[in-house]
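Residue numbers for the sequence shown follow my numbering, so the first one is 1 and each next one is one higher. Below: one structure, written as structure tokens.
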Amino acid sequence: MKILIKDVRVISPGFSSDTYHILLEDGIFRSIAPSASAPETGADRVIDIPNLHLSAGWFDLRATFGEPGLEYKEDLESGSSAAAAGGYTDVLLMPNTEPVVDSKNSVHFIRGSRLSSPTRLHVAAAVSLGAKGEQLTEILDLHKAGALAFTDGLHPVSDPALIVRTLQYLQKTSGLFLNQPVEPRLTLGGQMHEGINSTLLGMKGIPAMAEEIALQRDLELLRYAGGRMHISCLSTAAAVALVRKAKAEGLAVTADVAVHNLVYTDELLMEFDTNFKLNPPLRSEQDRLALLSGLRDGTIDAIVSDHRPEDIENKRLEFDLAAFGAISLQTTYAALCSLPDLSQELIVQKLTEGPRKVLGLPQVQISEGQEACCTLFVPELSWTMDESSNRSRSENSPYWQQELKGKAVGVIVHQKIYVDEDGIRVG
Numbered sequence: 001m002k003i004l005i006k007d008v009r010v011i012s013p014g015f016s017s018d019t020y021h022i023l024l025e026d027g028i029f030r031s032i033a034p035s036a037s038a039p040e041t042g043a044d045r046v047i048d049i050p051n052l053h054l055s056a057g058w059f060d061l062r063a064t065f066g067e068p069g070l071e072y073k074e075d076l077e078s079g080s081s082a083a084a085a086g087g088y089t090d091v092l093l094m095p096n097t098e099p100v101v102d103s104k105n106s107v108h109f110i111r112g113s114r115l116s117s118p119t120r121l122h123v124a125a126a127v128s129l130g131a132k133g134e135q136l137t138e139i140l141d142l143h144k145a146g147a148l149a150f151t152d153g154l155h156p157v158s159d160p161a162l163i164v165r166t167l168q169y170l171q172k173t174s175g176l177f178l179n180q181p182v183e184p185r186l187t188l189g190g191q192m193h194e195g196i197n198s199t200l201l202g203m204k205g206i207p208a209m210a211e212e213i214a215l216q217r218d219l220e221l222l223r224y225a226g227g228r229m230h231i232s233c234l235s236t237a238a239a240v241a242l243v244r245k246a247k248a249e250g251l252a253v254t255a256d257v258a259v260h261n262l263v264y265t266d267e268l269l270m271e272f273d274t275n276f277k278l279n280p281p282l283r284s285e286q287d288r289l290a291l292l293s294g295l296r297d298g299t300i301d302a303i304v305s306d307h308r309p310e311d312i313e314n315k316r317l318e319f320d321l322a323a324f325g326a327i328s329l330q331t332t333y334a335a336l337c338s339l340p341d342l343s344q345e346l347i348v349q350k351l352t353e354g355p356r357k358v359l360g361l362p363q364v365q366i367s368e369g370q371e372a373c374c375t376l377f378v379p380e381l382s383w384t385m386d387e388s389s390n391r392s393r394s395e396n397s398p399y400w401q402q403e404l405k406g407k408a409v410g411v412i413v414h415q416k417i418y419v420d421e422d423g424i425r426v427g
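Written out as structure tokens, the structure is:
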């Protein structure tokens, strides 16, 4: 099958700001030529969308689905559909299902799923059995079964001995240890960022110190044990500074930030909207600006959706009883487009090159003869996140029923293609 993508701007090293005609044949880039000089060619399908952009396929390093066991929140089909609608060709799944992904069979179950979405699902297996932070899983066997990374996901690993053993085991593989730095004994009962607003609202706070102490510990353990470590969901200015210093000292550490923490602050919690109850919590404006600075200077390698679906029964409650988390695969790009300080080039780099570099995967090449793995998007396209556009089984979005600007309109992964034709001219 031949697919012609017309008048598209390519966001990738080596391409100018001109538009291109791109011809795909059976999932392979056959021709990439400036629009003005591109030859006429027969195609089975033409994609012709105003102001269309194309980049390497977006890769999310942190999403939680529900299957197996919690399918009523998100199953693999709905989650991968939401990911494709959000522009993601690849998603790394956290192990927090029921049962936890801590065995070869559970890794095989996810990797063997046959889904209608083009999005490829990758496995982050649990570090500890049941993600309880106690007994180490069979890391080498899980890696052989196909797990790319190891983490307890929504349950930060806080046992120093377990972290050291994990780092040592993984040096025998290409697998990566991921951890969200939190000292749990400092966060018990915490509902939001500890600061002026938590005091005004009478809410127990989650101190920035809980992240910073745990991060300092993890970095020292990495220095001792060797290997590689990825820090998930940085949220404080001091944590950014710690990672920056560690990188300058030569430690093999990478880091990401959840999109929510780049866009919002704890000011939004004054109305007790539980869709803004997140973990890590929304923090101060000073923290938000430090995270943006860390993105720009390379301290932070990737932006993650931190997609975490919750059903109505867990969200439409009093704030202190509601679950943490928000769905965000479909809205991450629009949220980033709302930040005037972030260029399209930087956004794309943190969604493509950064995540693959973190995992040690080959970079996607947009060149003739290469297999297609790409995302199509329109920075100025307006749309609304609501019942009709939502692909998730859950509705816990901070953007629910809001008009947004910036939308992914398609993904192409080899011979599988998804293009959102709703309201968009596609030939």
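Note that beta-carbon positions come from the ideal geometry of N, C-alpha and C, so glycine has one too.
When secondary structure is reduced to three states using DSSP, P34 falls in the strand class. Between V253 and A246, the gap from beta carbon to beta carbon is short of 8 Å. Of M209, K204 and S389, the smallest CA-CA separation from E183 is found for M209. Ranking D266, Y333, G227 and A237 by CA distance to the CA of L201 puts D266 first. Distance check between V243 and each of L291, A124 and G227 places L291 closest, using alpha-carbon atoms only.
Its Cα nearest to that of P99, the residue S128 stands out among A84, T89 and S128. With fewer than 16 other beta carbons inside 10 angstroms of its own, E387 counts as exposed. Measuring C-alpha to C-alpha distances from T274 to each of Q191, L167 and K6 identifies Q191 as the nearest. Rounded to the nearest angstrom, the gap between the Cα atoms of S392 and K204 is 31 Å. The alpha carbon of R308 has as its nearest neighbour, out of Q402, Y264, M94 and A255, the alpha carbon of M94. The beta carbons of S117 and Y418 sit closer together than 8 Å. Three or more Cβ pairs drawn from the region 319 to 328 and the region 293 to 308 lie within less than 8 Å of each other, which places the two stretches in contact.
Judged by DSSP secondary structure, D7 falls outside any alpha helix (DSSP H) and instead within the beta strand (DSSP E) spanning K2 to V10. Taking C-beta atoms as the reference points, L404 and A302 fail to come closer than 8 Å. Considered as a whole, the region 348 to 405 harbours 373 to 384 as its complete beta strand (DSSP E) runs of no fewer than 3 residues, in chain order. Looking only at S235, Q168 and T375, the smallest Cα-Cα distance to V411 is reached by T375.
Taken in chain order, the unbroken stretches of alpha helix (DSSP H) that lie wholly in the region 243 to 316 and span 4 residues or more are 259 to 263, 285 to 297 and 312 to 315.
Partner residues in a beta bridge of F109, as assigned by DSSP, do not exist. Going by beta carbons, L140 and K104 fall outside the 8 Å limit. When DSSP states are grouped into helix, strand and coil, M203 belongs to the coil group. Bridge partners of V419 according to DSSP: G410.
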